[in-house]
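Using the working numbering, read the sequence shown as starting at 34 and increasing by one per residue.
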Amino acid sequence: MIAALSPGLVAFGACLALLPLLQRQKTSSRVVMTGISFLLLVHYFVWRVTATLPPLALTADAIVGYPFLLAEAASLIAVSLSLVFLSRTIDRSPEVNAVLRNSRASADAPLVDVFICTYNEEKAILERTIIGATGIGYPNYRVWVLDDGRRLWLRRLAQELGCNYLTRPDNRHAKAGNINHALRHVAGLPDKPEFISILDADFVPMPDFLTRAMSLMQDKSVGVVQTPQHFINPDPIQSNLAATDVWPDEQRFFFDILMPAKDAWGTAFCCGTSSLIRYSGLTQIGGFPTDSVTEDYLVTLRLKERGLRTVYLNERLTLGLAPEGLKEYITQRGRWCLGFMQIVRGRSGPFSRQSELAFIDRLSLVDAFMSWAAVYGTKVLGLVVPWLYLLFGIKAVHADLFELLKYFMPFYVWHAFTMAWISRGRSLAIMTDVSQYIAAPAVLKAVVTGLARPQGHKFKVTAKGGDRNRRFVEWPLLRIYGAALLITLSAIAYAFILHLRGESIAYGGLALAWSLYNSVVLAIVCFICIEQPRRRKAERFERDEPVLIHEGAAPRLVRMADISITGARFIDPAPPAAGTRINCNVYGQSVVATVVRRTGDGFGVRFEDAIGTRVNVVRAFYAGEYVRAFSGVRAAPVGKALLMRLFG
Numbered sequence: 034m035i036a037a038l039s040p041g042l043v044a045f046g047a048c049l050a051l052l053p054l055l056q057r058q059k060t061s062s063r064v065v066m067t068g069i070s071f072l073l074l075v076h077y078f079v080w081r082v083t084a085t086l087p088p089l090a091l092t093a094d095a096i097v098g099y100p101f102l103l104a105e106a107a108s109l110i111a112v113s114l115s116l117v118f119l120s121r122t123i124d125r126s127p128e129v130n131a132v133l134r135n136s137r138a139s140a141d142a143p144l145v146d147v148f149i150c151t152y153n154e155e156k157a158i159l160e161r162t163i164i165g166a167t168g169i170g171y172p173n174y175r176v177w178v179l180d181d182g183r184r185l186w187l188r189r190l191a192q193e194l195g196c197n198y199l200t201r202p203d204n205r206h207a208k209a210g211n212i213n214h215a216l217r218h219v220a221g222l223p224d225k226p227e228f229i230s231i232l233d234a235d236f237v238p239m240p241d242f243l244t245r246a247m248s249l250m251q252d253k254s255v256g257v258v259q260t261p262q263h264f265i266n267p268d269p270i271q272s273n274l275a276a277t278d279v280w281p282d283e284q285r286f287f288f289d290i291l292m293p294a295k296d297a298w299g300t301a302f303c304c305g306t307s308s309l310i311r312y313s314g315l316t317q318i319g320g321f322p323t324d325s326v327t328e329d330y331l332v333t334l335r336l337k338e339r340g341l342r343t344v345y346l347n348e349r350l351t352l353g354l355a356p357e358g359l360k361e362y363i364t365q366r367g368r369w370c371l372g373f374m375q376i377v378r379g380r381s382g383p384f385s386r387q388s389e390l391a392f393i394d395r396l397s398l399v400d401a402f403m404s405w406a407a408v409y410g411t412k413v414l415g416l417v418v419p420w421l422y423l424l425f426g427i428k429a430v431h432a433d434l435f436e437l438l439k440y441f442m443p444f445y446v447w448h449a450f451t452m453a454w455i456s457r458g459r460s461l462a463i464m465t466d467v468s469q470y471i472a473a474p475a476v477l478k479a480v481v482t483g484l485a486r487p488q489g490h491k492f493k494v495t496a497k498g499g500d501r502n503r504r505f506v507e508w509p510l511l512r513i514y515g516a517a518l519l520i521t522l523s524a525i526a527y528a529f530i531l532h533l534r535g536e537s538i539a540y541g542g543l544a545l546a547w548s549l550y551n552s553v554v555l556a557i558v559c560f561i562c563i564e565q566p567r568r569r570k571a572e573r574f575e576r577d578e579p580v581l582i583h584e585g586a587a588p589r590l591v592r593m594a595d596i597s598i599t600g601a602r603f604i605d606p607a608p609p610a611a612g613t614r615i616n617c618n619v620y621g622q623s624v625v626a627t628v629v630r631r632t633g634d635g636f637g638v639r640f641e642d643a644i645g646t647r648v649n650v651v652r653a654f655y656a657g658e659y660v661r662a663f664s665g666v667r668a669a670p671v672g673k674a675l676l677m678r679l680f681g
């Protein structure tokens with residue numbers, strides 16, 4: 034046992050000794066960590082190929098073992114490619130700050146057309162996006178609401194809030210078609226834009242969004258400036274596990290870690306919303322491509338072929354809504370995967386002879402393809418292989434637990450430390466597995482259908498808003514993973530209780546450990562399938578800052594305890610009576626409010642519902658940095674949250 038654990042313990046000790054000496058932003062430091070991780074992975078895989086395969090014959094062991102090895106090899110290739118890209122990173126904020134220090138506000142700033150793309154979102158969501166967009170602190174821009182829902186109330190809202198409204202007679206090519214229709218419209222105007230900014234209907238820009246993104250457009254080779262997506266609400270994994278405060282939303286690794294790494298290699302890509310795009314580049318490629326439902330990624334590839342690159346500014350400049358339900362979360366991931374498979378099969382794919390993409394761009398596409406196709410497929414096989422041994426004695430891996438620990442643990446430990454270090458604590462293996470299993474059925478379906486039939490698929494909108502106050506069970510997913518959990522537990526009981534054999538004792542430790550881990554992951558997935566009611570505090574943020582209020586004629590300072598779009602709570606030793614009207618000065622905006630209750634240490638207010646007050650509240654709210662940066666995952670609080678959800 035000690036001999037089996039020793040290599041893993043050595044890797045553990047080496048990480049503890051080495052990591053404090055390394056700087057995360059330095060390429061040399063990242064190469065050391067990712068390079069050693071890759072070498073340990075190769076060491077493990079050589080052992081897998083040379084010592085664990087069943088004899089090559091027409092047996093059940095070989096029929097299962099060799100395909101599983103191929104799947105595992107594909108998954109390890111995906112890991113290796115991710116290590117390559119994560120070996121670099123770049124931060125463009127210093128470049129932006131330098132540009133802004135040396136520039137002055139100018140009345141002849143380039144004209145930007147801001148497109149808000151919408152189909153079926155509710156008024157409350159669209160109103161705040163339009164208010165935020167019309168309050169951007171940039172001297173020369175126009176806001177356009179692109180309504181594919183053709184709603185009269187939205188036309189009136191756009192007029193009331195002072196922006197332009199566009200619709201079209203059909204919904205051909207979904208979002209890409211909607212944007213292209215708007216591009217044709219602005220092309221016919223006397224004042225043509227120099228840049229286009231894309232906002233989804235639920236993404237509210239902060240005041241300095243365009244100013245900071247535009248700073249990177251001084252380089253004429255830049256075609257797209259992409260900024261990250263940040264959310265003011267928890268995603269379904271966070272909310273259904275009651276882990277909002279200890280676990281980041283699922284997109285944080287992608288936007289905070291992976292995209293800066295891709296940018297360092299010159300392979301960052303457009304993600305649609307929260308982007309700024311050079312209009313002349315769009316004109317050269319004929320607008321947004323329509324041969325993929327992920328038209329944003331394809332825009333980057335088509336612009337790359339014209340010599341225009343995408344850069345990534347990793348700053349919180351827009352705030353949106355994460356998918357609020359599991360069904361929407363799954364739909365979104367399935368659409369992303371389907372769109373990518375369409376790209377792979379299209380003329381801008383990694384193996385296309387028509388494409389003029391450089392080798393590194395093609396390698397990045399292969400990296401993304403393997404992350405979708407290989408990783409998710411291997412995850413599913415990882416459930417089935419231990420069942421086959423425990424129930425039927427089919428041994429796909431000819432090794433016992435101690436042998437596996439000796440060769441696999443050094444890589445696992447080093448890789449886990451490497452990912453945690455690179456991601457600044459945003460990576461936890463078990464939760465990564467959970468999120469992948471949740472999306473796996475939709476992703477694997479998209480892989481097959483996208484590769485087999487790349488055209489003819491409809492764009493599926495990710496629904497936002499709606500009533501989320503009731504508990505809801507995602508039965509299709511729960512049936513799949515509930516059954517998988519039942520089979521896993523039954524297989525353990527059968528092999529080690531009902532039908533215990535000498536071979537089970539000798540070799541079953543690997544299958545048992547594997548199955549126990551799978552059981553924990555599957556149990557978490559099943560609990561996530563039971564969606565919890567959305568709490569009001571999802572968009573209420575704690576604060577501790579002074580605020581000037583006017584109660585009658587006398588202004589005075591109180592402390593703000595928390596704030597939301599609809600109201601706030603203040604700490605005040607002499608709170609006004611319920612029903613009192615006050616004026617609050619919130620981040621430079623004057624907001625009228627009514628006291629609705631007294632609390633033990635102060636009072637709570639509801640903001641006035643008049644349009645002028647709502648405009649001030651939204652602009653104050655989204656200018657206030659109310660979304661806290663996530664400092665990193667700590668295993669103990671995450672474990673506590675999971676245990677409370679599983680057994681509470």
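The beta carbon of each residue, even a glycine, is placed where N, CA and C say it ideally should be.
**Prompt:** When the Cα atoms are used, what is the spatial distance from Asn197 to Ala301?
**Reply:** Cα atoms of Asn197 and Ala301: separation of roughly 31 Å, rounded to the nearest angstrom.
**Request:** Please confirm whether Ala50 and Ala407 have their CB atoms less than 7 Å apart.
**Result:** For the 7 Å CB-CB criterion, Ala50 and Ala407 do not form a contact.
**Asked** Run through DSSP, which three-state label would Cys617 get?
**Response** Correct three-state label for Cys617: strand.
**Message:** On the DSSP bridge list, what partners appear for Ile197?
**Reply:** The sequence given here places Asn at residue 197; Ile does not occur at that position. Beta-bridge pairing links Asn197 to Trp177.
**Request:** Would you grab the beta carbon distance between Pro293 and Asn347 for me? Rounded to a whole angstrom, and I think it's under 8 Å.
**Result:** At roughly 5 Å, the Cβ-Cβ gap stays under 8 Å, so Pro293 and Asn347 are in contact.
**Asked** If you pair each beta-carbon of the segment 144-160 with each one of the segment 173-188, do three or more pairs fall below 8 Å?
**Response** Touching, yes.
**Prompt:** Since Leu194 and Ile169 are thought to touch, with beta carbons under 8 Å apart, how far apart are those beta carbons, to the nearest angstrom?
**Reply:** Incorrect: roughly 13 Å between the Cβ atoms, too far for contact.
**Prompt:** For Tyr171, which residues of its own chain have a beta-carbon under 6 Å away from its beta-carbon, when the five flanking residues on both sides are left out?
**Reply:** Correct list, in chain order: Leu243, Thr244.
**Message:** Less than 7 Å between the C-beta atoms of Ser272 and Gln565, yes or no?
**Reply:** Yes.
**Message:** Among Ala47, Val399, Glu578, Arg366, whose alpha-carbon lies nearest the alpha-carbon of Ser113?
**Reply:** Nearest option by C-alpha distance: Val399.
**Asked** What's the gap between the Cα of Trp454 and the Cα of Trp280?
**Response** Between Trp454 and Trp280, the C-alpha separation is close to 16 Å.
**Prompt:** Where do the N-terminal and C-terminal ends of the beta strand (DSSP E) with Phe148 fall, by residue?
**Reply:** Run containing Phe148: 145-151, per the beta strand (DSSP E) assignment.
**Asked** Can you name the start and end residues of the alpha helix (DSSP H) that Arg652 belongs to?
**Response** Run containing Arg652: 644-655, per the alpha helix (DSSP H) assignment.
**Asked** Anyone know if the C-beta pair for Leu179 and Leu199 falls short of 7 Å?
**Response** In this structure, Leu199 lies closer than 7 Å to Leu179 by Cβ.
**Contacting residues, own chain, Cβ-Cβ under 8 Å from Pro443 (five flanking each side not counted)** = Result list for Pro443: Pro40, Gly41, Val43, Ala44, Leu73, His76, Tyr77, in chain order.
**Item:** For Gln251, three-class secondary structure by DSSP
**Value:** Helix.
**Item:** Reduced DSSP secondary structure (H/G/I, E/B, other) of Pro588
**Value:** Under the three-state reduction of DSSP, Pro588 is assigned to strand.
**Item:** CB contact flag (Ser404, Ala111, <7 Å)
**Value:** A contact, by the Cβ cut-off of 7 Å.
**Request:** Let me know if Pro53 comes out buried or exposed under the rule of 16 or more other beta-carbons within 10 Å of its beta-carbon.
**Result:** Pro53 is exposed by the Cβ-count criterion.
**Item:** Simplified DSSP state of Pro238, which is helix, strand or coil
**Value:** Pro238 falls in the strand class under three-state DSSP.
**Asked** What is the rounded straight-line gap between the Cα of Leu334 and the Cα of Ala209?
**Response** Their Cα atoms are separated by approximately 15 Å.
**Message:** Taking the alpha-carbon of Leu484 as reference, which of Tyr362, Pro261, Leu371 has the nearest alpha-carbon?
**Reply:** Cα-wise, what sits closest to Leu484 is Leu371.
**Request:** Could you tell me whether the segment 595-615 touches the segment 625-643, using the rule of 3 or more Cβ pairs below 8 Å?
**Result:** Contact between the segment 595-615 and the segment 625-643 is present, because at least three Cβ pairs lie under 8 Å.
**Request:** Within the segment 333-406, note down every full beta strand (DSSP E) run reaching 3 residues or more, in order along the chain.
**Result:** Runs found: 342-345, 351-353.
**Request:** Please report the residue range of the alpha helix (DSSP H) in which Gly165 lies.
**Result:** In the DSSP assignment, Gly165 falls within the unbroken alpha helix (DSSP H) covering 156-167.
**Item:** Three-state class that DSSP yields for Ile582 in the structure shown
**Value:** Strand.
**Asked** Under the three-state reduction of DSSP, which class applies to Ile604: helix, strand or coil?
**Response** Reduced to three states, the DSSP call for Ile604 is strand.
**Asked** Is it true that the CB of Thr627 sits closer than 7 Å to the CB of Arg614?
**Response** In contact: Arg614 and Thr627 (Cβ atoms closer than 7 Å).
**Message:** With a threshold of 8 Å, are at least 3 pairs of Cβ atoms found where one atom belongs to the segment 409-421 and the other to the segment 544-555?
**Reply:** Inter-segment contact for the segment 409-421 and the segment 544-555 is present: three or more beta-carbon pairs are separated by less than 8 Å.
**Asked** Does DSSP put Gly410 in a helix, in a strand, or in coil?
**Response** In the displayed model, Gly410 falls within a helix according to three-state DSSP.
**Chain-order list of residues whose beta-carbon lies under 6 Å from that of Ile563 (same chain, five-residue window excluded)** = Closer than 6 Å at Cβ, skipping near neighbours: Val506.
**Message:** Does Thr83 pass the burial test, meaning 16 or more other C-beta atoms within 10 Å, or should it be called exposed?
**Reply:** Exposed, by the Cβ-count rule.
**Message:** Between Asp235, Glu584, Arg380, Tyr527, which has its C-alpha nearest Pro322's C-alpha?
**Reply:** Taking only the C-alpha atoms, the option nearest Pro322 is Arg380.
**Item:** C-beta atoms of Lys439 and Ala104 nearer than 7 Å
**Value:** Against a cut-off of 7 Å, the Cβ pair of Ala104 and Lys439 comes out as no contact.
**Message:** Can you tell me whether Arg569 is helix, strand or coil according to DSSP?
**Reply:** Note that Arg569 scores a pLDDT of 45, beneath 50, so its modelled location is shaky and nothing firm can be said.
**Counterpart residues of Ala626 in DSSP-defined beta bridges** = Note: Ala626 sits in a beta bridge opposite Ile615, Phe640.
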